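Residue numbers (the UniProt record's numbering): 1 to 342. This report concerns only the one structure given below.
In structure tokens:
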């Protein structure tokens, strides 16, 4: 065969190989697409669905938002949430409100001991933005508990309601850790950590805490405490010095909180909702809440087990590890806006 024939055969071979590879990729993509469609039918989607709580005008909506449980990000998605508070889902709800011009008010219901500093600040920033840029009033109803970070996210609300038996306050920052260096010494175990500077292992539980360690950690906590106090002072229109007198970490019931200016009214969620409608001329507004797109199958034992086997839902071990990492460990404690520190 001459040179031209060999070139033609070579080109044909390359085209054939590319065709086979392309077909394989296309087939794999089709399989992924089909699997994705099947999973969507089985489990639902990560999208947010609107649920009507009270019928009303189609042009005006009041959204009921709920913060239930410790404010931490355990790494699970909205669809595969582990129950209780889910940070990703809550932030998606706030983003949805931002895009919905029909939302004219928010009723924020809180039942939380607080939680992580970052997540608490992120929620507060998003709520303030809705008030400032969208002019959406926020009425907060504290249920059984709205302490520390739970109070932090409530502080800038247009109006705060609490029941007489609500536990709130606990304004402050806590960084929980343990030190077992004394026990190690009794057992004859030595800490042989190699570090680049004296404070590189600050907070270590395997060596005695030094005076410098304590000063640095106290300064770190005090800085966050200052931001907490400022947030409350701005939200409640109070002098920072007066807030500091209330913010020694103590808890208050609803009546005490009202006497100290931390809440505006004694009442339950239905009373807060009625007040929001009346005060903001929203008597005809439709009241809605948001839910994840999970199907009923997703909420069954079989659905959860299957999703875990497929690797699309975190295992219990992963969830526990994520929660531990989010609140800190004895070797790496984290500052928290959390009542009790546990």
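For every residue, glycine included, the Cβ atom is placed at its ideal position computed from N, Cα and C. Since the structure is predicted, the reported quantities are computational estimates derived from the model, not experimental observations.
Hey, could you find the ends of the alpha helix (DSSP H) residue i is sitting in?
i	result
residue 229	211-236
residue 123	117-133
residue 159	It is not in any alpha helix (DSSP H) - residue 159 instead sits in the beta strand (DSSP E) that spans 159-162.
residue 254	254-259
residue 59	Here residue 59 belongs to no alpha helix (DSSP H); instead the beta strand (DSSP E) covers 57-68.
residue 243	240-246
Within its chain, find whatever has a CB closer than 8 Å to the CB of residue i; leave out the 5 residues flanking it on each side and keep chain order.
i	result
residue 288	50, 51, 52, 53, 61, 62, 63, 64
residue 202	213, 216, 217
residue 275	139, 159, 161, 265, 267
residue 35	Below a pLDDT of 50, predicted positions are generally treated as unreliable, and residue 35, at 49, falls in that range; the measurement from the model is reported next regardless. Cβ neighbours of residue 35 beyond the five flanking positions: none.
residue 286	52, 54, 55, 56, 57, 58, 60, 61, 62
CA-CA distance, residue i and residue j?
i	j	result
residue 169	residue 199	33 Å
residue 264	residue 152	15 Å
residue 119	residue 72	6 Å
residue 254	residue 196	50 Å
residue 334	residue 210	18 Å
residue 355	residue 239	With the chain running from 1 to 342 in the structure shown, residue 355 is simply not present.
residue 232	residue 243	7 Å
residue 67	residue 146	9 Å
residue 194	residue 187	21 Å
residue 251	residue 70	17 Å
residue 114	residue 206	29 Å
residue 339	residue 47	32 Å
residue 90	residue 58	24 Å
residue 184	residue 135	58 Å
residue 260	residue 247	11 Å
residue 191	residue 177	17 Å
residue 290	residue 107	12 Å
residue 102	residue 123	21 Å
residue 84	residue 150	14 Å
residue 130	residue 98	7 Å
residue 181	residue 208	6 Å
residue 175	residue 163	29 Å
How far does the beta strand (DSSP E) with residue i in it reach, from first residue to last?
i	result
residue 102	Looking at the DSSP string, residue 102 is not in any beta strand (DSSP E), and its letter there is neither H nor E.
residue 139	138-147
residue 273	Unbroken run through residue 273 is the alpha helix (DSSP H), 269-279; no beta strand (DSSP E).
For residue i, which beta-bridge partners are listed by DSSP?
i	result
residue 50	290
residue 337	115
residue 169	147, 251
residue 71	115
residue 108	65, 140
residue 266	162
residue 285	57
Using only the heavy atoms of the ligand PLP, determine whether one of them is closer than 6 Å to the beta carbon of residue i.
i	result
residue 88	Absence of the ligand PLP is noted for the structure shown, with no ligands found whatsoever.
Under 6 Å Cβ to Cβ from residue i, same chain only, skipping five residues before and after it: list those, please.
i	result
residue 267	161
residue 337	114, 117, 120, 148, 149, 152
residue 173	221, 224, 225, 335
For residue i, decide whether its Cβ has a neighbour in chain D, counting only Cβ atoms nearer than 7 Å.
i	result
residue 230	Among the protein chains of the structure shown there is no chain D, as only one such chain exists.
Where in the stretch 173-213 do unbroken runs of the beta strand (DSSP E), each at least 3 residues long, occur, reported from the N-terminal end onward?
-> none
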